[in-house]
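Scroll down for the structure; my scribbles are underneath it.
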Amino acid sequence: MYCPPNMAFTDKDQVHDFIEQHSFGCLVSMPFFCSHLPWLLQRAEGEHGVLYGHLARQNPHWQLVDQQQVLLTFTGPHAYISPRCYQTEKAVPTWNYAIAQVLGQAELLEPAVTLANLPLQIAKYEPDMAAAMAKMPVAYQQQLAAGIVGVKVTISALTGKLKLGQQRSLADQLGVFNALSSSPQPGAQALAALMQHWQLGAGDETV
Numbered sequence: 001m002y003c004p005p006n007m008a009f010t011d012k013d014q015v016h017d018f019i020e021q022h023s024f025g026c027l028v029s030m031p032f033f034c035s036h037l038p039w040l041l042q043r044a045e046g047e048h049g050v051l052y053g054h055l056a057r058q059n060p061h062w063q064l065v066d067q068q069q070v071l072l073t074f075t076g077p078h079a080y081i082s083p084r085c086y087q088t089e090k091a092v093p094t095w096n097y098a099i100a101q102v103l104g105q106a107e108l109l110e111p112a113v114t115l116a117n118l119p120l121q122i123a124k125y126e127p128d129m130a131a132a133m134a135k136m137p138v139a140y141q142q143q144l145a146a147g148i149v150g151v152k153v154t155i156s157a158l159t160g161k162l163k164l165g166q167q168r169s170l171a172d173q174l175g176v177f178n179a180l181s182s183s184p185q186p187g188a189q190a191l192a193a194l195m196q197h198w199q200l201g202a203g204d205e206t207v
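The numbers in the sequence shown follow the UniProt record's numbering, run straight up by one, and end at 207.
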C-alpha cells in the first residue's frame, strides 16, 4: 500500500498490538477474492507471527488459498476531517485512518486442528469462555466444525499506516483532535483516542 515514511509504523510489536485490537480482517487472494473474518494472532509462532481463522465451507474462497500468498488488511478507527478543523487558511477535506497490512502464506488446516483452535478464538472475544462452551457440547462442536475450513497464515511481512495528520502543524493537529473528541460519532472519538495514544495533536510534541 502507499505509505509515506512519516505515516508508517513498522515495529513488529506495535503492528501485532494493532492486529489484536482490530482483529476483524479482510483476506484477499488471487484471482481476486476476499473474505472478512475474525483472526487469532499467535505472536510467538514463526518469524513474524501466525494468524488463524476459518471460512464457511460454503464459501468457495477456501478452495483458492491453500499454499498461496495472501494479503490481509486490518482497519482501525477512521473519520472524515473537515478543513474547518485547521488553523491553516488553505485546506481541503480528507479522511484520516489507521490500518495494518499483512502478507503471508496460507494453508488449510486439518479438521482436528480447526476444532482445537475454536476455544482459543472464543476465549479472545468472550472472557467467560466456560459459559460459552457449555452451550456447545462436544458433539455439537464436531457438527459445526464440519461446516467450516480452518486457515493458517504464516506472516512473511507486516506493516502499519497511521494517517493522522502528523504532517500538519501542531495547531492543525490540535484542531482535528478537538473536533474528533467532541464528535458524537464513535469512530471519530476512537480516532481521537488513537491520536492521543500516538501523541498527535493532543497537546504533546509530535512523534
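Don't be surprised by glycine CBs; every beta carbon is placed ideally from N, CA and C.
Inter-residue Cα distance where the pair is residue i and residue j
i, j, result
"Y52", "Q142", "18 Å"
"M47", "Y125", "The question names Met, yet the displayed sequence has Glu at residue 47. Looking at the two C-alpha atoms, the distance is approximately 25 Å."
"M30", "G104", "13 Å"
"L194", "L37", "23 Å"
"L170", "S183", "20 Å"
"Q196", "K90", "25 Å"
"A132", "N59", "25 Å"
"Y2", "Y140", "45 Å"
"V28", "A130", "33 Å"
"L41", "L118", "13 Å"
"V207", "P127", "Note that V207 has pLDDT 34, beneath the 50 cutoff, so the model's placement of it is unreliable and the number below is only indicative. In a straight line, the C-alpha of V207 is about 35 Å away from that of P127."
"T94", "V65", "35 Å"
"E45", "G187", "32 Å"
"E20", "N178", "27 Å"
"I122", "W198", "30 Å"
Minimum C-alpha distance to residue i - residue among the options
i, options, result
"H61", "P111, E107, A44", "E107"
"Q185", "M1, A79, M30, N6", "A79"
"A157", "S35, V50, F32", "V50"
"W39", "A192, L120, L191, G165", "L120"
"M7", "V176, R168, A190", "R168"
"Q101", "L180, M195, F24", "F24"
"C34", "L72, L170, A131", "L72"
"I99", "Q14, A131, I155", "Q14"
"V149", "W198, K12, Q63, S181", "Q63"
"A112", "T94, V138, I122, A123", "V138"
"L144", "E45, H54, D11", "H54"
"I155", "P5, Q68, P4, Q189", "Q68"
"S181", "P4, A123, I81", "I81"
8 Å Cβ cutoff met for residue i and residue j
i, j, result
"P83", "V92", "yes"
"K152", "L109", "yes"
"R43", "H16", "yes"
"V176", "G201", "yes"
"residue 245", "L191", "Examination of residue 245 is not possible in this model, given that the chain is present from 1 through 207 alone."
"F9", "F74", "no"
"Y97", "D172", "no"
"G165", "A56", "no"
Which of helix, strand or coil DSSP assigns to residue i
i, result
"P111", "helix"
"V207", "Since pLDDT at V207 reaches only 34, below the 50 mark, its modelled position is unreliable, and no value is offered."
"G147", "coil"
"Y140", "helix"
"V15", "helix"
"Q185", "coil"
"Q101", "strand"
"A131", "helix"
"L194", "helix"
"Q199", "coil"
"A171", "helix"
"L164", "coil"
"Q69", "strand"
"P119", "helix"
"A179", "helix"
"Y86", "coil"
beta-carbon residue i near the ligand NAP non-hydrogen atom, thresh 7 Å
i, result
"H48", "Looking for the ligand NAP in the displayed structure turns up nothing, as the structure carries no ligands at all."
**Message:** Going residue by residue through the region 23-65, where are the continuous beta strand (DSSP E) segments of at least 3 residues, counting only ones entirely within it?
**Reply:** 24-29, 33-38, 40-42, 50-56
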